[in-house]
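> Numbering (the numbering used here), first residue to last: 486 to 625.
C-beta atoms are modelled at their ideal positions from N, C-alpha and C, and glycine is treated no differently.
These figures come from a predicted structure and were not determined experimentally.
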């Protein structure tokens, strides 16, 4: 009977130790479950942040492409206007040279014929007017 009581006490002791171990393990399991839940929440938060960042990046990329296309179109328009302006400048210079040559020739003719000074002054005024127009075109 003492033997049985010893076995029974030993079994009881083992059972108590096992119950403590089970309780301890249950506590660990609950802590791990809480940790897992916390990690899931953090993962979802991080995932949401990444998704928002992707959306924002896509939106900015789309806006940049749109602005780039707009700026390229404006550049083409400005380059076209510049070419036209340069052509006009060349044309005005040529016309000015022709007027200058004609005015000079007329002045030579008038001087050789002994024409009066008023016509010469008119030609000089016309010449100055054309020179100022040329300067105005260059400023544009």
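Are residue 606 and residue 577 close, meaning C-beta to C-beta below 9 Å?
In the chain shown, the residue the question calls residue 606 occupies position 121. In the chain shown, the residue the question calls residue 577 occupies position 92. Result no, Cβ atoms of residue 606 and residue 577 do not sit closer than 9 Å.
> In whole angstroms, what is the alpha-carbon distance linking residue 553 and residue 516?
If you number the chain shown from 1, residue 553 lands on position 68. If you number the chain shown from 1, residue 516 lands on position 31. So the two alpha carbons sit approximately 55 Å from each other.
> Please report the distance separating the alpha-carbon of residue 567 from that of residue 574.
For the purposes of this step, residue 567 is identified with residue 82 of the chain shown, where counting begins at 1. For the purposes of this step, residue 574 is identified with residue 89 of the chain shown, where counting begins at 1. Answer to the nearest angstrom: the Cα atoms are 10 Å apart.
> Would you identify the three-state DSSP class for residue 486, choosing helix, strand or coil?
If you number the chain shown from 1, residue 486 lands on position 1. In this structure, residue 486 counts as coil in the three-state DSSP scheme.
> State whether the region 608-624 contacts the region 581-590, with contact taken as three or more CB pairs (one from each stretch) at a distance under 8 Å.
Verdict: yes, contact present.
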